[in-house]
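Notes for the one structure printed next.
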Amino acid sequence: MPTVFLLLLIYVLPVTAAAGPCELPTGLVHNGGYALTDSPCGHRTGELFVPASILKLATALAVLHELGPEYRCRTRFALDSNDNLLAEGRGDPLLTSEELALVLAQLRRRGLRHINDLVLDDRSFALEGPTPGGEGSLNPYDAPNGALAANFNTLHFLVGVDRQVRSAEAQTPTIPLMRELGARLPPGQHRVNLGATLFHGDDAIGLRHLGEVLRALQQEAGIAGEGTIRRGNAGKIRLEYLHSSSQPLREVVRNCLAYSNNFVANQLLLLLGLELYGPPATWDKGRRALNQVLGKMIGEELVATMHIVDGSGLSRDNRVSPAAMLAVLDALRPHADLLPVLDDDLVKSGTMTGVYSYAGYLGTAQQSFVLILNQERNNRERLLAHMRRWATGPRRH
119 MPTVFLLLLI YVLPVTAAAG PCELPTGLVH NGGYALTDSP CGHRTGELFV
169 PASILKLATA LAVLHELGPE YRCRTRFALD SNDNLLAEGR GDPLLTSEEL
219 ALVLAQLRRR GLRHINDLVL DDRSFALEGP TPGGEGSLNP YDAPNGALAA
269 NFNTLHFLVG VDRQVRSAEA QTPTIPLMRE LGARLPPGQH RVNLGATLFH
319 GDDAIGLRHL GEVLRALQQE AGIAGEGTIR RGNAGKIRLE YLHSSSQPLR
369 EVVRNCLAYS NNFVANQLLL LLGLELYGPP ATWDKGRRAL NQVLGKMIGE
419 ELVATMHIVD GSGLSRDNRV SPAAMLAVLD ALRPHADLLP VLDDDLVKSG
469 TMTGVYSYAG YLGTAQQSFV LILNQERNNR ERLLAHMRRW ATGPRRH
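Quick note: the sequence shown, position 394, residue 512 per the working numbering, numbers continuous.
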């Protein structure tokens, strides 16, 4: 019998919670499943459920394996003979104000003294539609993806009682886009994604945002010049700088899991497709790349049972089994330290209305576990407590 098939049997054969020494209270599970590696502890392990954000672990496994933990995203900057600055993006998820300030500092060291037009090239991405699962809300978790995206494609600003608008971040200048949006919002602090319906589906809003941040940072740095912000290509290049992200992939993944950043997770999915299949990045390429890499890591049979729509778990159309996620965790074990700490465990959570999930590693033995509930009642804390007691209790000795 092939080895992969044997592994499939180990992961998928359903074992009731009352079997053997494992006695988790299945009455807490109205619609869901759980599994614990190297144990008979499991419930509906082969059935498919909506995973929410624990799906980010599958994306993390794929990009770390295929791109490597030291991989760094790159963005090309170039100055043409007319002093127009070109920014050519490839989907760096961490193109923040701090990174853009570093870019300008590097360009100054190379002789940059004047910038006219800002020319933005986002042709490396050709997304077929909005982020799967996005609802067009103001919430940052709905932020759209793209080849050139500043500050996670999100605006963070304050509206005063006097209606004055200013940036809520010391490192980010106040830009016209903040004032424009702030005029329509009540006093207070606002964090708004650029895919919000307030922008009426303007697909160039992300480029305008990046251009305005870059222009404001240019002025703060004392670099002369002004001009338009436009999509396109530069002329004859006379100065060039290839910027590598200040954070390696392992740290990008760590922060993505810690803050459950949907934008970053989906940028990583798209980057994976871009690297494996070439530009332009598309949702289809990202999904195919993820399935291809997971097939190598956990077996094509398990991957065939999964239905992955996005890289973050935002879409309710995603479907995975506890068995498949357990295999992902076992393969991800060399990078277990990238998961958030919860008490004495390493745990990634997933939460949406009617979806409550945990996945990670229990205790010092780092025993892989998965818990997915698709039900109104959130009993995951109580179930995790029972699972901890069983995994670390005297039954295991």
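Every residue, glycine too, gets a C-beta built ideally from N, C-alpha and C. Every value quoted in this text rests on a predicted model; they were computed, and no experiment measured them.
Rounded to whole angstroms, what is the Cα-Cα separation between residue i and residue j?
i	j	result
A196	A265	16 angstroms
D461	Q485	15 angstroms
A288	F275	11 angstroms
A342	L389	34 angstroms
W508	T482	14 angstroms
T346	V277	27 angstroms
R500	R190	40 angstroms
H425	M415	17 angstroms
A334	S285	12 angstroms
D240	N497	44 angstroms
L357	A205	12 angstroms
L360	Q336	18 angstroms
H148	F167	12 angstroms
T510	H327	51 angstroms
M296	R434	31 angstroms
L456	L447	12 angstroms
A261	L394	24 angstroms
N269	K466	24 angstroms
L182	V331	31 angstroms
E216	R192	15 angstroms
G254	G229	42 angstroms
E298	G350	25 angstroms
L432	P250	7 angstroms
R227	I293	26 angstroms
L502	V438	19 angstroms
S157	L489	14 angstroms
F487	G145	19 angstroms
L256	G300	13 angstroms
L420	A454	21 angstroms
Using only alpha-carbon positions, find the residue among the options that is nearest to residue i.
i	options	result
M470	F275, G481, P366, N380	N380
V237	G417, R406, L325	L325
H161	V168, Y152, R333	Y152
A170	I323, N492, L412	N492
R194	I355, Q282, A449	I355
E290	G413, G329, R302, L256	Just to set this straight, residue 290 is Thr in the shown sequence, not Glu. Among G413, G329, R302, L256, the Cα nearest to that of T290 belongs to G329.
L444	L394, L175, N149, H148	L175
L212	A219, N311, Q365, D448	Q365
N202	I233, E217, T177, F270	I233
R302	Q282, R495, L154	Q282
H308	R227, L273, G417, R405	L273
E184	R227, E253, L412, V370	L412
S430	A407, G468, G350, R406	G468
D235	G391, H453, R348	R348
A267	A322, L464, L225, L480	A322
P305	V279, T292, P294, I293	V279
V370	P143, L179, P158, T155	L179
I172	R405, D428, L225	D428
D210	L392, N436, D463	L392
T177	Q410, C159, R506	Q410
P458	S378, K403, G252	S378
The alpha helix (DSSP H) with residue i in it runs from where to where?
i	result
I347	Careful: I347 lies outside any alpha helix (DSSP H), inside the beta strand (DSSP E) at 347 to 349.
G300	294 to 300
L230	Looking at the DSSP string, L230 is not in any alpha helix (DSSP H), and its letter there is neither H nor E.
K174	174 to 185
E369	367 to 377
Q289	Q289 -> no alpha helix (DSSP H), and no H or E assigned at all.
T510	498 to 510
A205	Careful: A205 lies outside any alpha helix (DSSP H), inside the beta strand (DSSP E) at 203 to 206.
A445	440 to 450
Pull up the CB-CB distance for residue i and residue j, whole angstroms please, since I reckon it's below 8 angstroms.
i	j	result
A339	L222	5 angstroms
R112	P187	One cannot answer for residue 112 here, as it falls past the ends of the chain, which runs 119 to 515.
G313	P248	6 angstroms
A422	G164	About 12 angstroms; that fails the 8 angstroms criterion.
N271	N311	6 angstroms
Mind checking if residue i is an interface residue toward chain E, Cβ cutoff 9 angstroms exclusive?
i	result
A301	Judged by its chain identifiers, the structure shown contains no chain E, having just a single protein chain.
First and last residue of the beta strand (DSSP E) that includes residue i?
i	result
L273	272 to 277
Y476	473 to 480
L335	Segment 323 to 338 is the alpha helix (DSSP H) holding L335; no beta strand (DSSP E) there.
A261	From DSSP, A261 is part of no beta strand (DSSP E); its letter is neither H nor E.
I416	Note, I416: premise wrong, no beta strand (DSSP E); alpha helix (DSSP H) at 401 to 416.
R284	283 to 285
Q307	306 to 311
G391	Element bounds for G391: not the beta strand (DSSP E) but the alpha helix (DSSP H), 380 to 395.
P463	Before going further, note that residue 463 is Asp rather than Pro in the sequence given. Counting along the chain, the beta strand (DSSP E) containing D463 begins and ends at 463 to 470.
L357	355 to 362
S486	485 to 491
Should the segment 380 to 388 be called in touch with the segment 466 to 475, which here means at least 3 C-beta pairs below 8 angstroms? no
Flag this pair as touching only if the segment 373 to 380 and the segment 197 to 206 have three or more C-beta atom pairs under 8 angstroms; answer yes or no. no
Do the segment 389 to 406 and the segment 231 to 247 make contact, defined as three or more Cβ pairs closer than 8 angstroms? yes
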